[in-house]
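J.: Okay, handing you the structure first.
Chains as they are written, first to last, in our numbering: chain H, 1245 to 1532; chain Y, 274 to 696.
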């Protein structure tokens, strides 16, 4: 019996040390944005200064869970909001697995359906976990108490009706995908999913803003970005979520060239793995 | 073991093999089949695919299908569609072919050449069938435990604990599985003898407080059977359970039982029911490792504590090396060191985590407390595994001919006989 008490007390002591250590590392009052290396797809994890967790897209498999668990303290198993930029497999499959490991409080996505098995499986799972699906449009804003603002910039209802009149997502040209801006103090980041240049241009038409970090749309495809957009945004850092040797030839050399000319630093998940952007509201740094 | 009895059992097995082969289904590529089967292993989810095996006329068919309908361990299914046969050229080739034909994802390590891609699957669960509903309800508990562990600890800690206590591997991240393999401690996440001994011992000790000893032992036998179904009926756990049940039954009957009798009987029973197991790597490894622990380990003399655990690893490795090389083509140089560093945590994790799992079914927060208590040891375990996984140290052999396997075992047996004579 004495032996068991000894073991338990040693374990308790170690657990206490880990609690203290992880509390200091993960609750550092800074904004963390991690572009997870999920291969060919998108998977982004955001942890705000007060520890609100947001996941945007889940990538094509369960790799995102590995990435997320490295950036959250062990006792935090709740994701406050999950955002699906658009219902394509390379963005949603990982979310199916995610809900088996984390409690999801809110689920938001654009108002487009996809008749694939993966999308149906995700919806079925959300229903069984009693998580409501909320549809959001350009202009919707989420203000978090610690000063972080998450604002949707596209697509608008009108754009959706024009591009996908049947309410279903297309495959290439007419594709609409949620774009959003994350701001914290002077720091701002544009998250784009698989947005096309036409949609992004429309979304940013009425805004005249420069941003700190740009997530390059559609894994660096040449249809995602153009010079006009880059001239508006003037990002200091551009990040590309892309898989090694993918069959689409992403990222496109034209896009890479555009970024180079714009003078922004470019980081790619296929080259450096997970990319973490940390900001205190004034400046930002990266870790990978 | 009685020599006469052994020969009779062997004869019976030979007949069984003969009739089994006569009965086994023969397929041609593209042939359409329609059959009913109970799913006896939890499907693996790989990307957006479910992969599992189903039995049709004594033939295991690997089925690859989409995420819906979700198929679970214990489901009774109607399956129909065309059969695909992959050329089986022996050795490692079929696996290589399969990987190429199905992208880079590794689907299974079994040399199974009969497949069905996206067949029609209908789940028909019949609650009036006791076997089926029993299986289903144990699976519900299994799902509950998996969910609890997954939502209490982060990955890969939760999956490691599930692997150590229940041998549940579906949740394990791919790179961590690879590190377990590279560092040579993969065997820890297969439920086997140690788990069964702990389950049986724990239950009989618990009930011996307020029940007659015989009844307490009876309870532990039931507990072992329950545990085996919960863990997922893999060859290693079935072998260990049969041996465990025999050991505990022998206690009720008041007879001493030798482990080797139990092992032979377990082997006989399993092969009699499913002769295809003879070519199952898990089955081979489990038996060879147990034989190694029973016969090779005594050669090193009795030792205590960590050293004894290291010697157990060495004995099991000596007995399984050719099987590992012939099937996987790799051996981890540092595996003995890595095992020595982590194995002492395994019984503690099993006890604390196992009690946590049971408690959480009754009172969740209390069980979760115990699961949290495992976290420091799990972190330590992971770091050791990832460290050795990173430095590698894996010897790989491209081709390991069967002559070497046979020669190795001839040598091993001769050494064992000589040393037994001396002693």
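All C-beta atoms in this analysis are idealised placements derived from N, C-alpha and C, irrespective of residue type, glycine included.
Values in this document were obtained by computation on a predicted structure and should not be read as measured data.
Assuming residue 1414(H) contacts residue 1408(H) (C-beta within less than 8 Å), just tell me the rounded distance between them.
T.: For the purposes of this step, residue 1414(H) is taken as residue 170 along the first chain, with counting starting at 1. For the purposes of this step, residue 1408(H) is taken as residue 164 along the first chain, with counting starting at 1. Right, the Cβ-Cβ distance comes to about 6 Å (below 8 Å), so this counts as a contact.
J.: Closer than 8 Å, Cβ to any Cβ of chain H: which residues of the stretch 606-638 of chain Y, in chain order?
T.: So the list reads 621 and 625, given in the order they occur along the chain.
J.: Find the residues of chain H that neighbour residue 424(Y), judging by a C-beta separation of less than 8 Å, and give them in chain order.
T.: By 1-based counting over the second chain, the position of residue 424(Y) is 151. The contacting residues are 1321, 1345, 1346 and 1347.
J.: Considering only residues of the same chain and omitting the five flanking positions on each side of residue 576(Y), which have a CB-CB separation below 7 Å?
T.: Position 303 of the second chain holds residue 576(Y). When the five nearest sequence neighbours on each side are left out, the beta carbons in the same chain lying within less than 7 Å of the beta carbon of residue 576(Y) are those of 584, in order along the chain.
J.: CB-CB under 8 Å to residue 1412(H), same chain, minus the five flanking residues each way: which ones, in chain order?
T.: Translated into the one-based positions of the first chain, residue 1412(H) becomes position 168. These residues qualify, in order along the chain: 1356, 1357, 1358 and 1359.
J.: Assuming residue 1347(H) contacts residue 693(Y) under a Cβ cut-off of 8 Å, what Cβ separation, rounded to an integer in Å, is found between them?
T.: In the first chain, residue 1347(H) corresponds to position 103, counting from 1. In the second chain, residue 693(Y) corresponds to position 420, counting from 1. That belief does not hold up - the Cβ atoms of residue 1347(H) and residue 693(Y) are roughly 59 Å apart, past 8 Å.
J.: What whole-angstrom Cβ distance do residue 1499(H) and residue 1525(H) have, given they're in contact under 8 Å?
T.: Mapped onto the first chain, residue 1499(H) falls at position 255. Mapped onto the first chain, residue 1525(H) falls at position 281. That pair is no contact at about 30 Å.
J.: With 16 as the cutoff for other CB atoms within 10 Å, does residue 1287(H) come out buried or exposed?
T.: Looking up residue 1287(H) in the first chain gives position 43. Buried, because 16 or more other Cβ atoms sit within 10 Å of the Cβ of residue 1287(H).
J.: Suppose the cutoff is 6 Å on Cβ atoms and the five residues either side in sequence are ignored; what does the same chain contact list for residue 599(Y) look like?
T.: Stepping through the second chain from its first residue, residue 599(Y) is reached at position 326. Same-chain partners within the cutoff: 673 and 678.
J.: Can you check whether the CB of residue 392(Y) is closer than 7 Å to the CB of residue 704(Y)?
T.: What is shown of chain Y runs 274 to 696, which leaves residue 704(Y) out entirely.
J.: Am I right that residue 411(Y) and residue 441(Y) are in contact with their C-beta atoms under 8 Å? What's the rounded C-beta distance?
T.: As a working note, residue 411(Y) is residue 138 in the second chain. As a working note, residue 441(Y) is residue 168 in the second chain. Contact doesn't hold; Cβ gap of about 13 Å is too wide.
J.: Quick one: which residues of the stretch 421-449 of chain Y get their C-beta closer than 9 Å to a C-beta of chain H? List them in chain order.
T.: 423, 424, 425, 426, 427, 428, 429, 430, 431, 444, 446, 447, 448 and 449
J.: Between residue 559(Y) and residue 509(Y), how many whole angstroms is the CB-CB distance? I'm expecting something under 8 Å.
T.: Here residue 559(Y) corresponds to residue number 286 of the second chain, with the count starting at 1. Here residue 509(Y) corresponds to residue number 236 of the second chain, with the count starting at 1. That pair is a contact at about 4 Å.
J.: Could you work out which residue in 470(Y), 561(Y), 325(Y) and 487(Y) is closest to residue 497(Y) when comparing CA atoms only?
T.: Translated into positions along the second chain, residue 497(Y) becomes position 224. Nearest of 470(Y), 561(Y), 325(Y) and 487(Y) to residue 497(Y), Cα basis: 470(Y).
J.: Is there a Cβ of chain H sitting closer than 7 Å to that of residue 370(Y), yes or no?
T.: Along the second chain, read from residue 1 onward, the residue named residue 370(Y) stands at position 97. Interpretation of residue 370(Y) is limited by its pLDDT of 37, a score under 50 that renders its predicted location unreliable; the figure taken from the coordinates is listed afterwards. No, no contact with chain H.
J.: Can you pull out the residues from the stretch 645-669 of chain Y whose beta carbon lies closer than 9 Å to at least one beta carbon of chain H?
T.: Listed in sequence order: 645, 646, 647, 648, 649, 650, 652 and 653.
J.: Can you find a C-beta in chain H that's less than 7 Å from the C-beta of residue 339(Y)?
T.: Against the second chain, residue 339(Y) aligns to sequence position 66. Closer than 7 Å to some Cβ of chain H, the Cβ of residue 339(Y) qualifies, so yes.
J.: Beta-carbon of residue 320(Y) versus every beta-carbon of chain H: anything under 7 Å?
T.: Working through the second chain from its first residue, we reach residue 320(Y) at position 47. With a threshold of 7 Å between beta carbons, residue 320(Y) makes contact with chain H.
J.: What span of residues does the beta strand (DSSP E) with residue 493(Y) cover, start to end?
T.: Numbered from its first residue, the second chain carries residue 493(Y) at position 220. No beta strand (DSSP E) contains residue 493(Y), which is instead part of the alpha helix (DSSP H) from 486-504.
J.: Three or more C-beta pairs closer than 8 Å, one from the stretch 1399-1408 of chain H and one from the stretch 1359-1378 of chain H: is that the case here?
T.: no
J.: Skipping 5 residues on each side, what residues in its chain have a beta carbon closer than 7 Å to that of residue 472(Y)?
T.: The count along the second chain starts at 1 and reaches residue 472(Y) at position 199. Taken in chain order, the residues that qualify are 496, 497 and 500.
J.: When the Cα of residue 1324(H) is compared with those of 1349(H), 1307(H) and 1334(H), which residue comes out closest?
T.: For the purposes of this step, residue 1324(H) is taken as the residue at position 80 of the first chain. Closest by alpha carbon: 1349(H).
J.: Is there a Cβ from chain A that is less than 7 Å from the Cβ of residue 1285(H)?
T.: Chain labels in this structure do not include chain A; the protein chains are H and Y.
J.: Taking the C-alpha atoms as reference points, what is the distance between residue 378(Y) and residue 447(Y)?
T.: Numbered from 1 along the second chain, position 105 holds the residue referred to as residue 378(Y). Numbered from 1 along the second chain, position 174 holds the residue referred to as residue 447(Y). With a pLDDT of only 33 at residue 378(Y), under 50, the local geometry of the prediction cannot be trusted, and the value read off the model is given with reservation. Rounded to the nearest angstrom, the two C-alpha atoms are 10 Å apart.
J.: Along the chain, where does the beta strand (DSSP E) containing residue 1428(H) start, and where does it finish?
T.: For the purposes of this step, residue 1428(H) is taken as the residue at position 184 of the first chain. For residue 1428(H), the uninterrupted beta strand (DSSP E) run begins and ends at 1423-1428, by DSSP.
J.: Report yes or no: do the stretch 307-318 of chain Y and the stretch 333-347 of chain Y share at least 3 C-beta pairs separated by less than 8 Å?
T.: yes
J.: Can you confirm whether residue 1259(H), when its beta carbon is compared against all beta carbons of chain Y, has any partner nearer than 7 Å?
T.: Translated into positions along the first chain, residue 1259(H) becomes position 15. True, the Cβ-Cβ gap to chain Y drops below 7 Å.
J.: Can you check whether the C-beta of residue 1310(H) is within less than 7 Å of a C-beta belonging to chain Y?
T.: If you number the first chain from 1, residue 1310(H) lands on position 66. Yes, residue 1310(H) lies at the interface with chain Y (some Cβ there is under 7 Å from its Cβ).
J.: Could you name the residues of chain Y that residue 1361(H) contacts, counting a contact when the two beta carbons are closer than 8 Å?
T.: Numbered from 1 along the first chain, position 117 holds the residue referred to as residue 1361(H). Within chain Y, the residues near residue 1361(H) are 321, 339, 340 and 341.
J.: Specify, as a first and last residue, the run of the beta strand (DSSP E) that residue 321(Y) falls within.
T.: Locating residue 321(Y) in the second chain gives position 48, where the first residue counts as 1. Where residue 321(Y) is concerned, there is no enclosing beta strand (DSSP E), given that its DSSP letter is neither H nor E.
J.: From the beta carbon of residue 1305(H), is the nearest beta carbon of chain Y less than 7 Å away?
T.: As a first step, residue 1305(H) must be located in the first chain, where it is residue number 61. Answer yes: the Cβ-Cβ gap between residue 1305(H) and chain Y drops below 7 Å somewhere.
J.: For residue 466(Y), which three-state DSSP category applies?
T.: Mapped onto the second chain, residue 466(Y) falls at position 193. It is helical.
J.: For the alpha helix (DSSP H) containing residue 354(Y), list its first residue and its last residue.
T.: Residue mapping note: residue 354(Y) aligns to position 81 of the second chain, counting from 1. For residue 354(Y), no alpha helix (DSSP H) run applies; the uninterrupted beta strand (DSSP E) run containing it begins and ends at 349-355, by DSSP.
J.: For the stretch 1325-1337 of chain H, enumerate the residues whose C-beta is nearer than 8 Å to any C-beta of chain Y, in chain order.
T.: Against chain Y - using a Cβ distance shorter than 8 Å - the residues of the stretch 1325-1337 of chain H are 1333 and 1337.
J.: Within the 7 Å Cβ cut-off, does residue 1249(H) reach chain Y?
T.: Counting from 1 along the first chain, the entry for residue 1249(H) is found at position 5. With 7 Å as the cut-off, residue 1249(H) does not count as an interface residue toward chain Y.
J.: Measuring CB to CB, does residue 1365(H) end up less than 7 Å from residue 341(Y)?
T.: As a first step, residue 1365(H) is located in the first chain; it is residue number 121 there, counting from the start. As a first step, residue 341(Y) is located in the second chain; it is residue number 68 there, counting from the start. Cβ atoms of residue 1365(H) and residue 341(Y): closer than 7 Å.
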